[in-house]
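Trainee:
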Amino acid sequence: MSQLPATVVGFYQVLFQPVEWNHNWHANIDFLRDFENRLKTESDPLSDQKYRIPPSADQRQEAFEVEKKAHNDKPIFACAVRLGLLAHDSKSKFFLPLLDSSLNVFQHGGSPFNRLIDVDYFKVLPFGHVRMMFENGLVFRPGFLVNTEELVGFAHVPPPVLFKRDDLRWSPLERLIPSQELFEDGSPLGRMLVAEDVKTVHARLQEKFESIHIMGSPGVGKSTLMSSMILDDIKKGHGVAIIDPHGTVVTQVLQRLPDDCEDRVVFLSWADMDWVPLWNPLLVSDSRRSGRVVEELIAAFQSIMGASWGNRLEHLLRMSIRALCEIGSTSFLDLYSLLDSGPKNVNLIRRRIQQEYRT
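Going letter by letter, the sequence shown gives residues 831 to 1189 in the working numbering.
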């Protein structure tokens, strides 16, 4: 549009509106994608031939397309785009197809969007009503369904001249002023500019108890951020437990740990064969957590045994571990004795279980 001659004025209008709240378009899109996949994968019931599943019916690709289009975090909008020219010279209509071709970068189901021209509107509306459509931003068609990510492409199309200028300076929009609680207390996360003032952003203690997910590519500082937050909690007197399979965060914390906090450190290294820490997972302090402990141990056994796993084995392990957790002061050695074929060991453990449940 920026390349049009001075005698021609072009306009670009984007109309959008959220869909009705009682229309679950996310579920409708999921259903349509599933229906299309069913048509691709199922063969003709009247034919004896079985065709190979086409690449377009790949389940992973279908799931990716559904997440990209109808993710719950992306609201659905009805959108319509209008392009037009204002000129006194009839020869200027030559520029309209060129202007319209810019919309081909947006695809709908792998195809360009459908178009309506002035002739289509004049078949059902008088000239005055068509003019009111542009002046008042009215539409008489539902438009296309787009999510927020797709809508941004329509609403913020940069002109081509911007990509040819190296000296262009962008002026960022002012952010909405965040809550003052972000700057008062907690572990420091970083700094941000608020009303020409640099302030430190914090993660409050309650937010960390509700879990924090840190994402980023390798080398951007995830481990450094975690170690800084951990050290801040340690300096404030809070207790911290670190489980680090790689050892990067633990090493950074130990190197930066204050001297007056060294007597509070308990360091467990599973690779140190000279000092093996003892841990009894069957020792449950709160009986209300025994059910969760049993399920976690069953899942661990299942991941180790793989193909040797079976329903009977799962039932025996679940009942045995649950009984040993209720007794207390038992270990995996008692589990082995309980499941051993020797009658002496079995009777000994069973008497302990029966005595516990009687009391």
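Virtual Cβ for every residue (Gly too), placed ideally from N, Cα, C.
What whole-angstrom Cβ distance do L981 and F936 have, given they're in contact under 8 Å?
Mentor: Within the sequence shown, the letter at position 151 stands for residue 981. Within the sequence shown, the letter at position 106 stands for residue 936. So it is not a contact: roughly 11 Å between Cβ atoms.
Trainee: Tell me whether N852 is buried or exposed, calling it buried when 16 or more other Cβ atoms sit within 10 Å of its Cβ.
Mentor: For the purposes of this step, residue 852 is taken as residue 22 along the sequence shown, with counting starting at 1. Exposed, because fewer than 16 other Cβ atoms sit within 10 Å of the Cβ of N852.
Trainee: Give me the residue from L1084, K1065, K1038 and L1019 with the minimum Cα distance to K1052.
Mentor: Indexing the sequence shown from 1 puts residue 1052 at position 222. Nearest option by C-alpha distance: L1019.
Trainee: Taking the continuous alpha helix (DSSP H) assigned at H1145, which residues delimit it?
Mentor: On the sequence shown, position 315 is the one that residue 1145 refers to. From DSSP, the alpha helix (DSSP H) with H1145 extends over N1141 to I1157.
Trainee: Rounded to the nearest angstrom, how far is the Cβ of L1143 from that of L1154, given a contact under 8 Å?
Mentor: Numbered from its first residue, the sequence shown carries residue 1143 at position 313. Numbered from its first residue, the sequence shown carries residue 1154 at position 324. The pair is not a contact, with the Cβ atoms about 16 Å apart (cut-off 8 Å).
Trainee: By alpha-carbon positions, which one of L916, G1136 and V1083 ends up nearest to P835?
Mentor: Translated into the one-based positions of the sequence shown, residue 835 becomes position 5. Selected option, being the one with the closest Cα: L916.
Trainee: On the DSSP bridge assignment, give the partners of S1017 in chain order.
Mentor: Mapped onto the sequence shown, residue 1017 falls at position 187. A1033, per the DSSP bridge assignment.
Trainee: Is it buried or exposed, I1134, if we count other Cβ atoms within 10 angstroms and call 16 or more buried?
Mentor: Position 304 of the sequence shown, counting from 1, holds the residue named residue 1134. Exposed, by the Cβ-count rule.
Trainee: How long is the line joining the alpha carbons of K953 and A900, rounded to whole angstroms?
Mentor: Mapped onto the sequence shown, residue 953 falls at position 123. Mapped onto the sequence shown, residue 900 falls at position 70. Cα-Cα distance, rounded: 35 Å.
Trainee: Evaluate contact between the region 1121 to 1134 and the region 1094 to 1107, counting only Cβ atoms and requiring at least three cross-stretch pairs below 8 Å.
Mentor: At 8 Å Cβ cutoff, the stretches do not touch.
Trainee: Distance check for L845 and G967, CA to CA, integer angstroms please.
Mentor: Counting from 1 along the sequence shown, the entry for residue 967 is found at position 137. Counting from 1 along the sequence shown, the entry for residue 845 is found at position 15. Answer to the nearest angstrom: the Cα atoms are 7 Å apart.
Trainee: Tell me whether the beta-carbon of L1146 lies closer than 9 Å to the beta-carbon of L1112.
Mentor: By one-based count along the sequence shown, residue 1146 stands at place 316. By one-based count along the sequence shown, residue 1112 stands at place 282. Not a contact, by the Cβ cut-off of 9 Å.
Trainee: Please report how far the alpha carbon of V1070 lies from the alpha carbon of D1063, in whole angstroms.
Mentor: The residue you call residue 1070 lines up with position 240 of the sequence shown. The residue you call residue 1063 lines up with position 233 of the sequence shown. One C-alpha to the other measures close to 7 Å.
Trainee: Secondary structure at G1136, three-state DSSP: helix, strand or coil?
Mentor: As a position in the sequence shown, residue 1136 is number 306, starting the count at 1. Note: G1136 maps to helix in three-state DSSP.
Trainee: Buried or exposed for I1072, going by 16 or more other Cβ atoms inside 10 Å?
Mentor: As a first step, residue 1072 is located in the sequence shown; it is residue number 242 there, counting from the start. Exposed, by the Cβ-count rule.
Trainee: Short check: CB of Q843 to CB of F964, under 9 Å?
Mentor: Your numbering for residue 843 matches position 13 in the sequence shown. Your numbering for residue 964 matches position 134 in the sequence shown. Cβ atoms of Q843 and F964: closer than 9 Å.
Trainee: Which residues does DSSP pair with C909 in a beta bridge?
Mentor: Taking the first residue of the sequence shown as position 1, residue 909 is located at position 79. DSSP output for C909 lists F846 and F974 as bridge partner(s).
Trainee: Hey, C909 and F841 are a contact pair by Cβ (cut 8 Å); roughly how many whole angstroms apart?
Mentor: Locating residue 909 in the sequence shown gives position 79, counting from the first residue. Locating residue 841 in the sequence shown gives position 11, counting from the first residue. With 8 Å as the limit, C909 and F841 do not qualify as a contact, their Cβ atoms being about 17 Å apart.
Trainee: Provide the residue span of the alpha helix (DSSP H) that contains S931, from first to last.
Mentor: Numbered from 1 along the sequence shown, position 101 holds the residue referred to as residue 931. No alpha helix (DSSP H) holds S931; DSSP gives it neither H nor E.
Trainee: Determine whether the beta carbon atoms of V849 and S922 lie at a separation below 9 Å.
Mentor: Along the sequence shown, one-based indexing puts residue 849 at 19. Along the sequence shown, one-based indexing puts residue 922 at 92. No. Outside cutoff.
Trainee: To the nearest angstrom, report how far apart H856 and S1115 are at their CA atoms.
Mentor: Here residue 856 refers to the residue found at position 26 when the sequence shown is read from its first residue. Here residue 1115 refers to the residue found at position 285 when the sequence shown is read from its first residue. In a straight line, the C-alpha of H856 is about 45 Å away from that of S1115.
Trainee: Just how far apart, CA to CA, sit A1137 and L1087?
Mentor: As a first step, residue 1137 must be located in the sequence shown, where it is residue number 307. As a first step, residue 1087 must be located in the sequence shown, where it is residue number 257. Using only the alpha carbons, I get a separation of about 46 Å.
Trainee: On the DSSP bridge list, what partners appear for D1027?
Mentor: To locate residue 1027, count along the sequence shown from 1; it is residue 197. Note: D1027 sits in a beta bridge opposite V1024.
Trainee: Measure the beta-carbon distance from H1032 to S1017 and round it to whole angstroms, keeping in mind my assumption that it falls under 8 Å.
Mentor: Residue mapping note: residue 1032 aligns to position 202 of the sequence shown, counting from 1. Residue mapping note: residue 1017 aligns to position 187 of the sequence shown, counting from 1. The pair is a contact, with the Cβ atoms about 6 Å apart (cut-off 8 Å).
Trainee: Whole angstroms are fine: how far does the CA of S1117 sit from the CA of E1156?
Mentor: Position 326 of the sequence shown, counted from the first residue, corresponds to residue 1156. Position 287 of the sequence shown, counted from the first residue, corresponds to residue 1117. Rounded to whole angstroms, E1156 to S1117 spans 7 Å at the Cα level.
Trainee: Cutting at 7 Å between CB atoms, please list the residues of its own chain near F943, excluding the five before and the five after it.
Mentor: Here residue 943 corresponds to residue number 113 of the sequence shown, with the count starting at 1. Once the five neighbours on either side are set aside, the close Cβ partners of F943 are L933, F936 and F974.
Trainee: Note down, in chain order, each residue of its chain lying with its Cβ closer than 6 Å to the Cβ of F1013, except the 5 sequence neighbours on either side.
Mentor: Here residue 1013 refers to the residue found at position 183 when the sequence shown is read from its first residue. Contacts found: K1029.
Trainee: For M977 versus P905, is the C-beta distance shorter than 9 Å?
Mentor: Within the sequence shown, residue 977 is the residue found at index 147, counting from 1. Within the sequence shown, residue 905 is the residue found at index 75, counting from 1. Note on residue identity: the sequence assigns Asn, not Met, to residue 977. Against a cut-off of 9 Å, the Cβ pair of P905 and N977 comes out as a contact.
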